[in-house]
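Here the structure is laid out as structure tokens; the discussion comes afterwards.
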Amino acid sequence: MKSQCFICMVCFFICTISIFADGVSGILYVDYPFSVKFSGDEIVFTEVKDGGDTAISRKGRFVITYEYSIPFLNINYDDGENIKQLMIKNDNICALLDEAKLIFLGAASSFNQREGYLPPSNVTATSFLTEKDKTYTPENLTKNPYSENPWAEGVNGQGIGEKLYIRNTIARELYISIGFVSYTRPYLYIMNSRPKELKFSVDGKFSFIQHLSDTPEYQKIIFPEQVNRNDILIVEIISVYEGTMYQDTCINSLIVKMW
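Per the numbering used here: the sequence shown = residues 131 to 389.
Okay, structure coming up:
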């Protein structure tokens, strides 16, 4: 990775809150046949089987802990099992991951499936980072969220002016998770740079700069006009939150809402 000329001292910080304080208590996230519902400090996972005739639920209590700004869902199930999952969410979508794979990606809905929320199918970039046998290509953003699998720009410096090109998609909204997000190495979020301002543009339709909060949680971008399949949506890095050790600016995940 591109090291800065100085290294800042990394301070470890963990806090514990309930999801009620995060403002999503009562939300049901759905990706049929699975659903997750949060209520106060209680959580219920449900799987529908037999064509909807049977529903198997698993209940427990939880807290959310933050390690270097990365949120973790810690569940104590009523059957005695304790698990820890990386959780990236807002009030519209929720992704749960362990150290190896995506566990759940659902949308807040009263319906029985996650409709219209998908990663973009075609993403290219002006550059990407290569490290020994690992590459951080824009194709990573065409996949479901996965630990340690971001796009990272590959130029010297902070990547100001580097662009993503999103093609062949329909979108009214875009959900973005910034930074290097890792289950096993959460400190990589603050050690690498994150976009602070991004410019979104489609030729002949719109161009605007969006300020982002410094969080890996999904942030919603609403387009003034619908992006159609024949459009090219350009996403340009305007400014960044600088990493404490590396100058690689990373984007963890993109989800488009098609309708």
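For each residue, glycine too, the CB sits at the ideal point set by N, CA and C.
Out of the options, which has the shortest C-alpha to C-alpha gap to residue i?
i	options	result
Cys224	Asp333, Tyr348, Val365	Tyr348
Glu327	Pro354, Lys293, Tyr317	Lys293
Gly309	Ile339, Lys264, Pro354, Glu372	Glu372
Ile351	Ala301, Cys380, Ile362	Ala301
Phe203	Glu229, Ile186, Gly334	According to the sequence shown, residue 203 is Leu rather than Phe. Selected option, being the one with the closest Cα: Glu229.
Thr256	Ala237, Lys231, Ile385, Gly284	Gly284
Leu259	Gln377, Asp171, Met388	Gln377
Arg315	Asn220, Tyr196, Tyr247, Gly170	Tyr196
Leu342	Gly334, Phe336, Ile296, Phe330	Phe330
Gly334	Asp361, Arg324, Tyr313	Asp361
Leu304	Lys179, Ser383, Asp208	Ser383
Gln340	Val365, Tyr198, Asp209, Glu211	Val365
Grab the span of the beta strand (DSSP E) containing residue i for me, first residue to last.
i	result
Gln349	349 to 357
Leu384	380 to 387
Asp161	158 to 161
Ser369	362 to 371
Thr176	172 to 179
Ser155	Run containing Ser155: none; DSSP gives neither H nor E here.
Checking 8 Å against the spacing of the C-beta atoms, do residue i and residue j come in under that value?
i	j	result
Leu226	Pro249	no
Glu177	Phe192	no
Val386	Thr299	yes
Ala238	Tyr159	yes
Leu235	Asp161	yes
Tyr319	Pro346	yes
Ile296	Val253	yes
Phe175	Ser187	yes
Could you give the C-beta distance for residue i and residue j, rounded to a whole number, given that I count them as a contact under 8 Å?
i	j	result
Arg367	Ile290	Inspection of the sequence shows that residue 367 is occupied by Ile rather than by Arg. Yes, they are in contact, since the Cβ atoms of Ile367 and Ile290 sit about 6 Å apart, within 8 Å.
Val311	Ile218	7 Å
Asn322	Cys380	5 Å
Phe338	Glu355	So it is not a contact: roughly 11 Å between Cβ atoms.
Met131	Glu278	Incorrect: roughly 13 Å between the Cβ atoms, too far for contact.
Thr208	Lys189	At residue 208 the sequence reads Asp, which differs from the Thr that was named. With a Cβ gap of about 5 Å, Asp208 and Lys189 count as contacting.
>> Which runs of the alpha helix (DSSP H) at least 4 residues long sit entirely within the stretch 182 to 221? Give them in chain order.
In response: Within the stretch 182 to 221, no complete alpha helix (DSSP H) run reaches 4 residues.
> Hey, which unbroken runs of the beta strand (DSSP E) at 3 residues or more fall wholly within the stretch 260 to 338?
Replying inline: You should have 264 to 266, 293 to 297, 301 to 308, 324 to 332.
>> If we require 4 or more residues per run, which alpha helix (DSSP H) segments fall completely within the stretch 225 to 257?
In response: Listed in chain order, nothing qualifies, since the stretch 225 to 257 has no complete alpha helix (DSSP H) run of 4 or more residues.
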